[in-house]
Every structure is written in C-alpha cells, then in structure tokens.
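Take the position in the sequence shown, starting the count at 1, then add 10; the result is the number in my numbering.
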Amino acid sequence: MKQSHCVFSVLFSLLSCSAMAQWAWTDEEGRPIFSDRAPSTSVPEKRIFKRPAPPRVNPTPEPAPNGGAVAADVKAVSAALSAASTPQNAGLDKELAERKKKAEQAQAEQRKFEEERLSKLKADNCERARQAQRTLESGVRMVRTNARGEREILDDADRAVEAKRLQGIVATDCN
Numbered sequence: 011m012k013q014s015h016c017v018f019s020v021l022f023s024l025l026s027c028s029a030m031a032q033w034a035w036t037d038e039e040g041r042p043i044f045s046d047r048a049p050s051t052s053v054p055e056k057r058i059f060k061r062p063a064p065p066r067v068n069p070t071p072e073p074a075p076n077g078g079a080v081a082a083d084v085k086a087v088s089a090a091l092s093a094a095s096t097p098q099n100a101g102l103d104k105e106l107a108e109r110k111k112k113a114e115q116a117q118a119e120q121r122k123f124e125e126e127r128l129s130k131l132k133a134d135n136c137e138r139a140r141q142a143q144r145t146l147e148s149g150v151r152m153v154r155t156n157a158r159g160e161r162e163i164l165d166d167a168d169r170a171v172e173a174k175r176l177q178g179i180v181a182t183d184c185n
C-alpha cells in the first residue's frame, strides 16, 4: 500500500511540474509576454523565445512487484502527458511548415513570372534590332531626329556606327 502511495505522489509531482511550464514571446509592439499557455497561432515562430520543456517521464518503467498495477498507471499517466504536450507543438510545426511551403511556392512563381517577362522583352528587343538591321542594310536613306528636333540624314559614318550598335544588340538579345 505504501509503495502505491509513493508512486502516485511521484506522478502527481511530475504533473505539477508540467503545470509550471512557461511560454514567453513578444507581442506586436515588442513587449515580452509570459504565460502558462501557448501563444495564439497569429504569433510568428521567430517571436517565441521560450517554450516549456517536454516532460521527462521514463518511457519504460520497471515492473512493479505488486502484479504490474502501478506500472500500468505509470504508463497511462506518461501517455497522457506526452499526448497533452504533443498536439500544440505539432500544430505549430505543421502550420509553420505549411506557411514556409506557401512562401517558397510564391517566390518560385514570382521568379518564373519575372524570367518569362525578361525573355519576352529580350525577344521583342531582338526582333526590333533585326528589323532595324535589315532596314539599314537595304541602302535606303535613313533619317533621325536630333536633340533640337531637327531631321538629320545618316551619312556613311553614322550608318556604320548604327550597324555596329545593332549588331551588339542582336548578339546579346538573340541567343
């Protein structure tokens, strides 16, 4: 009889240790919050700076001399303790993993969209440069407007400079 009282008193002391578990996090304004309950799911993981330690219960208790009744009670209490502490942590970890996965997907979609936009711009620039190159090589007189708004006819030197510039654009954008 005394042995079962001793076991139960040890178990109850273990239960009271888990009740003293403390959570600590900072709110939106940077103030520290201390509680015996987990913060809401709206609090980001990076703002939680203290969590309660999981209870330390021997997972395989030694067999009791009184037929195993006390050992069964110890197993039941340790299972209850682990079940009580797991869902909160598992829910937070699962939600964090889900948020991280969504953020990575959004970044991947953004990168893909940006790459498509740049490739379309390069293709458009390439086509314009090739068209200008064909026009320049056709020998037709070309006119451009200078900074004062006056029309200038391109001479042979200006045509060579323009041809070199267009060749550089075609070389970089038409790969």
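For each residue, glycine too, the CB sits at the ideal point set by N, CA and C.
Straight-line gap, residue i to residue j (C-alpha atoms, nearest Å)
{"i": "L146", "j": "K122", "result": "36 Å"}
{"i": "I132", "j": "K174", "result": "What sits at residue 132 in the sequence shown is Lys, not Ile. Cα to Cα, K132 sits roughly 18 Å from K174."}
{"i": "E55", "j": "Q120", "result": "24 Å"}
{"i": "C184", "j": "V53", "result": "50 Å"}
{"i": "L164", "j": "M152", "result": "6 Å"}
8 Å contact criterion, which residue i and residue j should meet: CB distance rounded
{"i": "P42", "j": "T36", "result": "6 Å"}
{"i": "V180", "j": "Q143", "result": "7 Å"}
{"i": "E162", "j": "R154", "result": "6 Å"}
Residue i at chain C interface by Cβ criterion, 8 Å
{"i": "V180", "result": "The displayed structure is made up of one protein chain only, and chain C is not part of it."}
Per-residue burial, residue i [other beta carbons within 10 Å of its own, 16 or more giving buried]
{"i": "L176", "result": "buried"}
{"i": "A139", "result": "buried"}
Which of helix, strand or coil DSSP assigns to residue i
{"i": "T155", "result": "strand"}
{"i": "A167", "result": "helix"}
{"i": "R161", "result": "strand"}
{"i": "T145", "result": "helix"}
Option nearest residue i by Cα separation, candidates the options
{"i": "E38", "options": "L128, E172, I58 and G149", "result": "I58"}
{"i": "P49", "options": "E126, Q32 and P64", "result": "Q32"}
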